[in-house]
Each structure stands twice: as C-alpha cells, then as structure tokens.
Amino acid sequence: NVEATVSSLSTMPYRYRLVNDDYLSSKNFRRCFVKKYVIFYKIYEENKTVMVHRILHARQNWVDIL
578 NVEATVSSLS
588 TMPYRYRLVN
598 DDYLSSKNFR
608 RCFVKKYVIF
618 YKIYEENKTV
628 MVHRILHARQ
638 NWVDIL
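Below is the structure:
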C-alpha cells in the first residue's frame, strides 16, 4: 500500500528511478507507482532525508501539477 511504500523509502530511497521528464529529473525528482497512485519524492543527501512532494492518482496529468 501507499503508506508502506512511503515508509520503506527511508531505507531504500534509490530503488526507484528519476522521473522521465527532463525538467523534473534535473531537479532529482523520483517516482514510484503503487496501485492507482504515483509517489513523487526527492532524496536530500546533505541531511539524509527523503521528502515526499506529491502523491497523485496515476491518471492525473502529473507533469502539469508538479
């Protein structure tokens, strides 16, 4: 489920790829799909944190939203 996936990002944040969009990938956004949702997040190495920026329904136009 979504909550378990978000929780697991703290231990394995690099297992998901960068977003397949030039601008968003240049900003180091990553995404993962969980059922009908897409989780967008970034890894901040300097303070060793993962921040979830958005959780959207997979059918939404996420490029325009982000």
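Numbered according to the numbering used here, the sequence shown spans residues 578 to 643.
Backbone N, C-alpha and C fix where the C-beta goes; we use that ideal spot for every residue, glycine too.
Here the structure is a predicted model, which means the values were calculated and not measured.
- Under a 10 Å Cβ-count criterion, F610 is classified as exposed, with fewer than 16 other Cβ atoms of the shown protein chains found around its own Cβ.
- Boundaries of the beta strand (DSSP E) harbouring T626: 626 to 634, taken from the DSSP string.
- V615 is bridged by DSSP to F610, L633.
- In this structure, the straight-line span from the alpha carbon of M628 to that of K619 is close to 5 Å.
- C-alpha of R607 to C-alpha of V579: approximately 15 Å in a straight line.
- For the set K604, T626, Q637, A635, the Cα lying nearest the Cα of S585 is the one of T626.
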